[in-house]
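For our numbering, count along the sequence shown from 1 and bump the result up by 320. Cβ coordinates follow ideal geometry from the N, Cα and C atoms, glycine included. Here the structure is a predicted model, which means the values were calculated and not measured.
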Amino acid sequence: MKNAADHFKPENLFPADIPSTWQAMEKLCDSGKARAIGVSNFSTKKLEDLLKIARISPAVNQVECHPICQRMKLKELCISRAVHLSASLFRVTPFAITLAEILDAKSGHDLKRLTIDLGSIYAKAVTKKCLSLLQSEKDPNIKAALSACASAYDLFNLYFGSIRAAFQSGRYIGQQGADARLAVSKCNITFNEKKLACPLADDNNNLLNFIQIILANAM
């Protein structure tokens, strides 16, 4: 970076020289200072370009990977070139679901089960985040909106419990999914009505994505 005070403005960033950087990392392996070297957040195209010039192939590529972002093409490339694909999931909370489970989902039924598991854990994390924001917020308008969101998340968690129960018993889950989606939307609506920026907007979009996947595969 040319000027740290200006942060990440494009004009202040030096172009990345991946080939030279990788050659320097390969020398670490040659010297015995590193047993293996890898990359992070490399797309299929970027990994293909690296493999063309690499003398030592990357041992691992760590990327975001979950039911909403499955990276199937990247997975196929990594398998074909013996590059381990390591998943980093949503940043707000660690998940008990393994990458192998996600990538081995063979059907809509498997994907829906994983989505319900991940969605349930994520919803609890967002609820906790909302309560933390509510406790520290001083602005009465934002505080009132966050309180409404907390109530909406309580409903969402109840509906998600109904979704899990219906899924496990083989019953139709369309109505429970629609109710859960409405509960999340109420949080965004509350902030929009007050013309306030919602600090939970990205979290709400992720929750709605979970519901969308579930409803797309609803029985």
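- For N381, the enclosing beta strand (DSSP E) covers residues V380 to E384.
- Using a Cβ-Cβ distance cut-off of 8 Å, the stretch 470 to 482 and the stretch 500 to 509 are in contact, since at least three pairs of beta carbons, one from each stretch, lie closer than that value.
- The Cβ atoms of T364 and L397 lie closer than 7 Å to each other.
- Considered as a whole, the stretch 332 to 382 harbours 338 to 351 and 364 to 373 as its complete alpha helix (DSSP H) runs of no fewer than 4 residues, in chain order.
- Rounded to the nearest whole angstrom, the C-alpha separation of K449 and G352 is 44 Å.
- Residues G497 of the same chain have their beta carbon placed closer than 6 Å to that of L535, with the five preceding and five following residues left out of the count.
- Taking 8 Å as the upper bound for CB-CB distance, H404 and A379 are in contact here, some 6 Å apart.
- Collapsing the DSSP output to three states places L405 in a strand.
- Taking a cut-off of 8 Å for Cβ pairs, the stretch 510 to 527 and the stretch 460 to 468 touch, as three or more such pairs fall below it.
- I399 sits exposed, since fewer than 16 C-beta atoms from the chains shown fall within 10 Å of its C-beta.
- When N361, F362 and I376 are compared, the shortest CA-CA separation from D350 is found for I376.
- 7 Å or more divides the Cβ of L370 from the Cβ of R401.
- When only Cα atoms are considered, N508 and L453 end up about 15 Å apart.
- Sequence-distant Cβ neighbours of R391 in its own chain, meaning closer than 7 Å and more than five residues away, are V383 and C385.
- When F362, Y492, I493 and A472 are compared, the shortest CA-CA separation from L451 is found for A472.
- Nearest Cα to A356 within the set F362, E368 and W342: W342.
- For L466, the enclosing alpha helix (DSSP H) starts and ends at P460 to S489.
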